[in-house]
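What follows is one structure encoded as structure tokens, with my remarks underneath.
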Amino acid sequence: MNEIADMIMKKMPIGVVIFDQRMQMVFSNRMAENFLKRFFLPEEIPQLIRRLFDVMNNVALRESFPGEVLIFKRLEGSSSNWIFQFFISERPKQLVGIFIIEQKVSLKLDMNEIRKQFKLTRRETDILRRVLDGLKNVEIAEELEISEQTVKDHLSNIYMKSGVENRFDLARLLMNAGGGS
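Numbering-wise, our numbering comes out as the position in the sequence shown, counting from 1, plus 89.
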């Protein structure tokens, strides 16, 4: 059963980070690790984690706890909006967890329409979606479990089919074309 849980946590499309009362990170999945390589957690998060531990240790505060805490943030260097959803666990010990959810640029585009317009394969569309969301080739390769060279080969095909020479031109073409929903 642990193998299944491990597989789910690795493949989960959102980041999961868990902190103990000493403010030490005791768990993070692959998506959270990728996030933390590129960005810092927003500065208000450590304060909020401390407050959530206070809530768990104070009956009066616990009764007024809304049950769900969300932070919506646009991070510098990211084209996405981010949602940080907090959860608490008191068993087997007190922990505060955060789901890190990315609202991606590619969600604003009709990827099926783009796929048809440029006659892209499904894999090319998968790679294009990740390029639009700001991932580097190595990150795309890791996420799709393919080699970085395979990512580069698919990108060359995408550039050729769309008539552009680089990522910047590709993103500009697609955003200006509207491919949007």
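For every residue, glycine included, the Cβ atom is placed at its ideal position computed from N, Cα and C.
These numbers were taken from a predicted model, which means no experiment stands behind them.
| Buried versus exposed call for Glu132 [16 or more other C-beta atoms within 10 Å across all chains shown] | Start at 1 with the first residue of the sequence shown, and residue 132 comes out as number 43. Classification of Glu132: exposed, given that the 10 Å Cβ count is below 16.
| request: Please report how far the alpha carbon of Ser270 lies from the alpha carbon of Gln192, in whole angstroms. | output: By one-based count along the sequence shown, residue 270 stands at place 181. By one-based count along the sequence shown, residue 192 stands at place 103. Confidence in Ser270 is poor, its pLDDT being 42 and thus under 50, which makes the residue's placement too unreliable to answer from.
| query | How do the region 119-134 and the region 156-172 stand: do at least 3 beta-carbon pairs fall below 8 Å, yes or no? | reply | yes
| request: Scan the region 226-270 and note each continuous beta strand (DSSP E) run of 3 residues or more that stays entirely inside, going in chain order. | output: none
| task | Spell out a yes or no on whether the region 167-183 and the region 200-213 are touching, meaning 3 or more CB-CB pairs, one atom from each, closer than 8 Å. | result | no
| message | In the DSSP output, what is Lys162 paired with across the bridge? | response | Position 73 of the sequence shown, counting from 1, holds the residue named residue 162. Trp171, per the DSSP bridge assignment.
| Distance, Cα to Cα, Ile229 vs Glu92? | Stepping through the sequence shown from its first residue, residue 229 is reached at position 140. Stepping through the sequence shown from its first residue, residue 92 is reached at position 3. One C-alpha to the other measures close to 24 Å.
| query | Going by alpha carbons, who is nearest to Arg111 out of Lys182, Glu237, Ala149? | reply | Counted from its first residue, the sequence shown places residue 111 at position 22. With distances taken between Cα atoms, Arg111 lies closest to Lys182.
| query | For the alpha helix (DSSP H) that contains Gln136, what are its first and last residues? | reply | If you number the sequence shown from 1, residue 136 lands on position 47. It spans 133-146 - the alpha helix (DSSP H) in which Gln136 sits, taken as one unbroken run.
| said: DSSP three-state label for Glu152, please. | reply: Locating residue 152 in the sequence shown gives position 63, where the first residue counts as 1. In the structure shown, Glu152 sits in a helix (DSSP, three-state: H, G or I).
| Are there 16 or more other CB atoms within 10 angstroms of the CB of Val106, so buried, or fewer, so exposed? | Working through the sequence shown from its first residue, we reach residue 106 at position 17. Buried, since its Cβ has 16 or more Cβ neighbours within 10 Å.
| query | From what residue to what residue does the beta strand (DSSP E) around Gln192 run? | reply | As a working note, residue 192 is residue 103 in the sequence shown. Run containing Gln192: 184-192, per the beta strand (DSSP E) assignment.
| Beta-carbon separation (whole angstroms), Lys85 vs Asn118, contact threshold 8 Å | Here the chain covers residues 90 to 270 and nothing more, so residue 85 does not appear.
| task | Throw me the rounded Cβ distance for the Phe207 and Ser251 pair, which I believe falls under 8 Å. | result | By one-based count along the sequence shown, residue 207 stands at place 118. By one-based count along the sequence shown, residue 251 stands at place 162. That pair is a contact at about 5 Å.
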